Amino acid sequence: MLPRRRFLARSAALALGSRLPAWSRVLLVAPAALGAGARDAHAAGGFSDWSRHARAADASFGSGPDDSELQAIIAGLAAQNVSVVETDTTLSNWTNDADFSAAMADAARFNQMVHAAGLKVVWYYPSLEVISVGGADGPSMYKTHPDWVQLGLNGQPNVFNGSLVFWVDPGDESAWMSPNGPWRQVYLDRIKLLAQTGADGIWPDVPIYFNGAVDWSDASSWGRAAFKADTGLDLPAAANWNDPYFRRWVEWRHRNLSTFQLDIAAAARSVNPAIQLFVETVTCDYHDATLIGLDGAYLRAADGITQVWEIDVLSNSDAMRYAQENDWICLISMCKYARAASAGKPAWSFSYGKQEDDAVQVMAEVLAAGCSPFEVQVPGKTIGVGAAMRTRMYAFVQANSARLFDAAPLANVALYHSSASRDYVNPTIGNGLYCTTAQPGGASEWWSTTDTDSCYQQQWLGEYRGMVKALVHAHVPFSVVTSPAFSAADLAGIKALLLPDLEAVSDNEAALIRQFVNGGGTIVITGPNPTGLNEFGDARADFALADVLGFHKGGVLPASRQAAFGAGRMVYFSDLPGKQYLLNGMQADAGRIVGALAGSAVPVVTTDADRRIHVEANQLGNEMLLHFTNFMFTASGVFQVQTTNFSVSATPPAGKRVTAVSVSSPDNGNASLQSVQFGTNGNAVTFALSLRQYSLVVLTLQ
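Sequential numbering of the sequence shown, starting at 160, is according to the working numbering.
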C-alpha cells in the first residue's frame with residue numbers, strides 16, 4: 160500500500176461520466192500565444208531555467224472560482240517567494256464533457272493570471288486513478304467501463320470505495336485504469352487539451368499499478384495482450400519469484416509504465432512544444448518500485464519529462480520529528496537517488512514537514528542533493544508549514560539557485576543503484592521505506608509498525624543504504640548512478656565505484672563496469688552472489704564479472720579479495736558490510752567500505768565534524784560549493800536542533816586556488832554571503848564553521 164498520497168480538491172457537483180469526450184467547447188490558448196516560453200525550453204533535457212530553479216507550492220480550488228479568490232491565492236504565493244504554482248482542482252474526478260470543458264476554461268483563465276504575476280504554472284492531473292464522487296452507490300467509472308480497469312493476477316478488479324485510503328472520501332469510488340486499455344487514449348486526448356490552456360507544465364500523478372486493494376496488477380485483457388506483444392510470453396498465473404515468466408513480467412511493468420509516461424509527454428508536446436512534464440513519482444530507491452511498477456530511473460535519458468519525487472516521511476502526523484539516525488540516512492539516500500534518477504534534468508521533490516525546524520531539516524537534505532523543493536505540511540499537500548518559514552527558505556533558494564541546481568558534483572566516488580538487484584535479490588515482504596517500525600508514543604500516525612517493512616529486513620536495500628550511511632558518516636561526498644540507461648559517461652570523473660550486493664546485472668552493465676576497472680577505476684563489490692544473475696533474475700552459468708573478480712561460480716567463494724585488473728583494482732567482500740553497519744553501527748564494517756577507497760579516491764573535503772554532519776561538494780564555474788547539513792538531534796530520539804562547531808579542510812580542483820571563503824545559510828534569515836576567515840595548508844584551505852541546520856559554503860577560485 161502506498162505510504163501517502165494527497166488530499167484532492169473536490170467539486171461540489173456529482174460527476175456523471177461519459178464515453179469519449181467532445182472537446183469543441185473547451186477554451187484553448189493557441190501555441191503562438193505562449194510567447195517566449197515556447198522558445199526557452201532549449202536547455203539540457205528540454206528544460207529551461209524556470210523549471211531547473213523551481214520553488215514550487217500548491218494552489219488548489221474547486222470548480223467555478225471567482226477572480227478575487229484566484230488573485231488572492233496567487234498574491235499569497237508570490238509573497239512567499241514561490242516561482243511555480245502547482246494547481247490541483249477537480250481533474251482527479253470522473254467528469255462529463257461539460258465539466259471538463261469548464262475546468263479547461265478555469266485553467267486558461269488561471270494560467271493567464273499566474274503569468275501576469277510573473278510566475279509559472281503546472282497542472283496536477285492523475286493518470287491512472289479515476290475517482291467517482293458518490294460512485295459507491297451512484298454512477299461511476301467502473302460501473303460504466305468495468306473492462307477498462309487493472310486486474311490483479313488473482314482476477315480481482317483494482318477498484319475500491321472510500322475509507323481504504325484517506326484521499327478517497329467515504330461514498331466515493333477509486334478505479335485504477337489499465338495503461339494499455341481504452342482509458343489510455345482518453346487520457347492522452349485530455350492531456351492535449353490541458354497542454355493548450357497556456358500551462359507551463361503538467362504534473363501527471365499515479366502512473367502505477369496500485370497495490371492498496373489488489374496486489375500485482377495488471378492482468379487485464381489489455382495488459383495480457385501488451386505483455387504478449389512485447390515479450391512473446393504468456394502472463395504468469397501467480398506471483399512466484401521462481402517463475403522466469405513472472406520475473407520477466409516484473410521488469411516489463413517498469414518498461415510499460417515508462418512507455419505510458421513517454422506517450423503522455425509526446426501527446427502534450429505535440430500541441431505545445433514548450434510544455435514540460437513532471438511525473439509525480441512516489442517510488443524512490445526502495446522496494447515499492449518493484450511492487451507497483453513505477454521506476455523513475457527508466458526515464459533518466461528521456462527529454463522533456465522528469466519527476467516530482469514524493470519522498471515520504473515517517474509520520475503523517477509528525478513528519479520526521481521522531482526520526483532516528485538511520486531514518487535520516489534513509490531520507491538522504493532517497494534524496495540522492497532522486498537527483499541521480501532524473502539525471503541532468505530538474506528533479507523536483509516534496510519537502511514535507513510538521514513544524515518549522517523539522518521542515519527546514521528535510522528541505523536542507525532536498526537542496527543538498529540538488530532537488531528543487533515543493534514545500535508542504537503533512538499530511539496533505541495543499542498548505543505549507545508556515546508562510547514565514549517558506550518565505551525564508553525560498554529566499555535562500557532564490558539567492559543561490561544556480562549554486563544549488565546548476566553545479567556539477569566534485570565527488571569522485573559513486574554508489575551504484577541496481578534496479579534489477581532491488582527487484583530480484585532475495586525478495587521478501589515489505590518495502591524498506593525507513594528503518595524504525597516502533598511507533599513512538601507521541602506520534603499518532605506512523606509509516607509502518609510491521610517489522611518486515613523495515614529496511615533492516617531487506618538484503619539488497621539494507622546493503623545499499625548501509626553504504627550510504629558509511630559514506631555520510633565518513634563525510635565522503637558521493638554521486639549515485641542508476642542502472643537504467645547506465646553508460647560510460649556516468650563514470651566520468653569517478654575514481655571508485657561501490658557495487659552493493661550487485662547480483663542481477665545485464666551483459667552491457669558488466670561490460671561497462673569491466674571497462675571502468677580496466678581503465679584505472681576501483682570497484683568495491685559485496686554480497687554472496689556477485690553478478691551471478693542476469694537482468695531478469697535468471698541464474699548465470701558463471702559470474703558476469705568472473706574475470707574481474709578472479710573466481711568463478713562453483714568454486715570456493717572467498718570471504719574477501721583484492722586484485723588488480725588492467726589498470727584498476729577490484730575489492731570484494733562476500734558478506735554484507737553495508738547492511739551490518741546499518742544494523743549495528745560497528746566501525747569495522749564502515750572501515751572496510753571506506754578503507755577500500757583509500758589510494759583511489761582522494762577526498763576533496765575533510766572535517767572533524769560529528770558523523771551526523773552530511774557533506775556534499777560541487778563546482779559551478781569559479782566557485783567550489785560545500786553543503787553541510789546537521790542531523791545530530793537524533794541522539795535524543797526527539798527532534799531538537801543542536802548547533803555544532805567544527806573545522807573543515809578543502810582542496811580546490813587542480814590548477815585552482817582559493818581566494819575567498821563565504822557562507823550562505825537560511826538559518827539566520829539572511830541569504831547573503833557572509834565572509835569566513837580561512838587559512839592555507841599547501842593548496843588546501845582550512846576554516847571553522849558553526850552549523851545550526853544548513854549552510855552552503857562558497858570557495859571563490861582563481
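No residue lacks a Cβ here, since even glycine has one placed at the ideal position from N, Cα and C. Because the structure is a prediction, the values reported are computed rather than measured.
query	result
Would you call the region 462-482 and the region 619-626 touching, i.e. three or more CB-CB distances under 8 Å?	no
Alpha carbon to alpha carbon, how far is W400 from V715? Give it in angstroms, no decimals.	27 Å
Excluding the 5 residues preceding and the 5 following P190 in the sequence, name in chain order all residues of the same chain whose CB lies nearer than 6 Å to its CB.	For P190, the pLDDT reaches just 33, beneath the cut-off of 50, and the residue's location in the model is therefore unreliable, although a value from the coordinates is still provided. The answer, listed in chain order, is N431.
To the nearest angstrom, how far is the alpha carbon of A234 from that of W335?	36 Å
In chain order, what residues of the same chain have a beta carbon less than 7 Å from the beta carbon of A113, not counting five sequence neighbours either side?	The structure shown does not extend to residue 113, since the chain spans only 160 to 861, so no value can be given for it.
In terms of DSSP beta bridges, what is W468 paired with?	T440 and S508
Give the secondary structure of A554 by DSSP, where H, G and I count as helix, E and B as strand, and everything else as coil.	helix
Starting from the C-beta of I451, find all residues in its chain whose C-beta is less than 7 Å away, skip the five residues before and the five after it, and write them out in chain order.	I367, Y368, F369, N370 and T442
Contact between the region 212-227 and the region 532-542: three or more CB pairs below 8 Å?	yes
Could you check which residue in V817, F798 and R771 has the C-alpha nearest to that of M784?	The question names Met, yet the displayed sequence has Leu at residue 784. Ranking the options by Cα distance to L784, first place goes to V817.
Give me the Cα-Cα distance between A460 and S227, rounded to the nearest whole angstrom.	42 Å
What runs of the beta strand (DSSP E), each 3 residues or longer, lie entirely inside the region 714-758?	719-724 and 727-732
Roughly how many angstroms separate the alpha carbons of A499 and A528, rounded to a whole number?	9 Å
How far does the alpha helix (DSSP H) with M522 in it extend, from its first residue to its last?	E515 to A527
How would you write the range of the alpha helix (DSSP H) that Q617 sits in, first residue to last?	First-last for Q617: undefined, no H or E at that position.
Since L656 is in the beta strand (DSSP E), which residue starts that stretch and which ends it?	A655 to L658
What are the boundary residues of the beta strand (DSSP E) that includes S531?	S531 to Q536
Please classify G196: does DSSP put it in a helix, a strand, or coil?	Summary for G196: the model assigns pLDDT 33, below 50, so the residue's position carries little reliability, and this model does not support an answer.
Could you tell me how far apart the beta carbons of Y457 and S501 are, in whole angstroms, since I believe they sit closer than 8 Å?	Between S501 and Y457 the Cβ distance is about 12 Å, and since that is not below 8 Å, they are no contact.
Look at N320 and Y553 and say whether their C-beta atoms are less than 9 Å apart.	no
Quick one: give me the first and last residue of the beta strand (DSSP E) that F319 is part of.	V318 to N320
CA-CA distance, G758 and V640?	22 Å
Kindly give me the distance between the Cβ atoms of N677 and A726, rounded to whole angstroms, as I take these residues to be in contact under 8 Å.	7 Å
In terms of alpha-carbon separation, which member of L347, V373, I491 and A448 lies closest to A426?	L347
Going straight from the alpha carbon of P717 to that of L692, what length do you get?	19 Å
With a Cβ-Cβ cutoff of 9 Å, do V807 and A847 count as a contact?	yes
Measure the alpha-carbon distance for P568 versus E775 and round it to whole angstroms.	8 Å
Is the beta carbon of L421 closer than 9 Å to that of W605?	no
Among E288, T611 and T246, which has the Cα closest to the Cα of W342?	E288
Candidates Q852, N842, V345 and S854: which alpha carbon is nearest Q861's?	N842
Quickly, what does DSSP pair G204 with across the bridge? List them, please.	Looking at the DSSP assignment, G204 forms no beta bridge with any residue, so it has no partner.
Who are the Cβ neighbours of D630 in its own chain at under 6 Å, not counting the five residues just before and after it?	One point to set straight first is that residue 630 is Leu, not Asp, in the sequence displayed. The residues are F637.
On a CA-only basis, which of R414, V280, T766 and R851 is nearest N789? Give me that one, please.	R851
On a Cα-Cα basis, can you pick out the residue from A755, D649 and A561 that is closest to E782?	A561
Touching or not, the region 299-319 and the region 375-390, by the rule of three or more beta carbon pairs under 8 Å?	yes
List the DSSP bridge partners of T803.	L850
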